[in-house]
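Worksheet for the structure shown next.
Chains as they are written, first to last, in the numbering used here: chain A, 4 to 117; chain B, 1088 to 1201.
In structure tokens:
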């Protein structure tokens, strides 16, 4: 079974803090994704990575950056957290061949910015 | 562009009732279609998928048929259980070079009461 783990289930930070969310997958997948989930808005893609050190912006990248130094690990960084970044953050991984379109999700990190 | 529309929730049903959650999509080409489920406190997991017109995906008593003529992929279950209480996301994938971009609907919350 594919396993995607996220570093924290719950996180509380102060406005202006730098926040790191980490995601690790164990299936040697090329593609990894960060989404945020908000009530009524579904999942919105923040950033994704299709290879080590490669990244592309998703639909809502403002205020976020990412890092992928190793294939299994994909980090989301909030450079200066703000209250409107309070949300559930979901990481996902996906195989690298066209047609392997199932995404595998971690349990999520619920971030509260005070 | 590609999009997914789901019926508004929340949906509340009694145990053993029949469930339908409507999903329609807009897409160019021939996307794969999915239903993902998110149980309380967890990430999303794939419930079922269909990759071409008239395919039926099924799992855990849930079914959905890929209807290209009506651009729909409605989720059904004949007899729901309390353990089916969750948020259900309809999604489609569209091929983007080396990976399949997945677009999610807003989700439909289901509560099943004894």
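Each residue gets a CB set at the ideal place from its N, CA and C atoms; glycine is no exception. If you're wondering where the values come from, they're calculated on a predicted model, not measured in any experiment.
Where residue i and residue j are concerned, what is the direct C-alpha to C-alpha distance, given to the nearest angstrom?
i	j	result
residue 48 of chain A	residue 1167 of chain B	31 Å
residue 28 of chain A	residue 96 of chain A	7 Å
residue 25 of chain A	residue 15 of chain A	15 Å
residue 1091 of chain B	residue 1188 of chain B	13 Å
residue 54 of chain A	residue 1148 of chain B	37 Å
residue 1096 of chain B	residue 1196 of chain B	6 Å
residue 1122 of chain B	residue 1140 of chain B	15 Å
residue 1194 of chain B	residue 107 of chain A	17 Å
residue 1191 of chain B	residue 31 of chain A	24 Å
residue 86 of chain A	residue 17 of chain A	8 Å
residue 38 of chain A	residue 1102 of chain B	33 Å
residue 6 of chain A	residue 33 of chain A	14 Å
residue 1171 of chain B	residue 51 of chain A	31 Å
residue 1154 of chain B	residue 82 of chain A	44 Å
residue 1176 of chain B	residue 1138 of chain B	17 Å
residue 60 of chain A	residue 1145 of chain B	34 Å
residue 104 of chain A	residue 84 of chain A	32 Å
residue 1142 of chain B	residue 1152 of chain B	6 Å
residue 74 of chain A	residue 1126 of chain B	28 Å
Going by C-alpha distance, which of the options is nearest residue i?
i	options	result
residue 22 of chain A	A:70, A:59 and A:52	A:70
residue 1158 of chain B	B:1095, B:1174, B:1117 and B:1165	B:1117
residue 1201 of chain B	B:1092, B:1096 and B:1100	B:1100
residue 8 of chain A	A:98, A:87, A:86 and A:78	A:78
residue 117 of chain A	A:110, A:94 and A:90	A:90
residue 109 of chain A	B:1112, B:1129 and B:1121	B:1129
residue 1169 of chain B	B:1095, B:1104, B:1088 and B:1096	B:1104
residue 11 of chain A	A:38, A:92 and A:40	A:92
residue 112 of chain A	A:98, A:105, A:104 and A:88	A:88
What are the start and end residues of the beta strand (DSSP E) that includes residue i?
i	result
residue 36 of chain A	34–41
residue 115 of chain A	112–116
residue 1117 of chain B	Neither: residue 1117 of chain B is in no beta strand (DSSP E) and is coded neither H nor E.
residue 76 of chain A	76–81
residue 128 of chain A	Lying outside 4 to 117, the shown extent of chain A, residue 128 of chain A is not represented and no answer is given.
residue 1099 of chain B	1098–1101
residue 8 of chain A	7–9
residue 1092 of chain B	1090–1093
residue 106 of chain A	Neither: residue 106 of chain A is in no beta strand (DSSP E) and is coded neither H nor E.
residue 1195 of chain B	1195–1200
residue 1107 of chain B	1106–1108
residue 24 of chain A	22–28
residue 67 of chain A	67–73
Looking at the strands, I want to know which residues DSSP matches up with residue i.
i	result
residue 97 of chain A	A:34
residue 16 of chain A	A:116
residue 1137 of chain B	B:1120
residue 45 of chain A	A:41
Minimum length 3: unbroken beta strand (DSSP E) runs contained in the region 1146–1187 of chain B: The qualifying runs are 1149–1152, 1162–1164 and 1173–1183.
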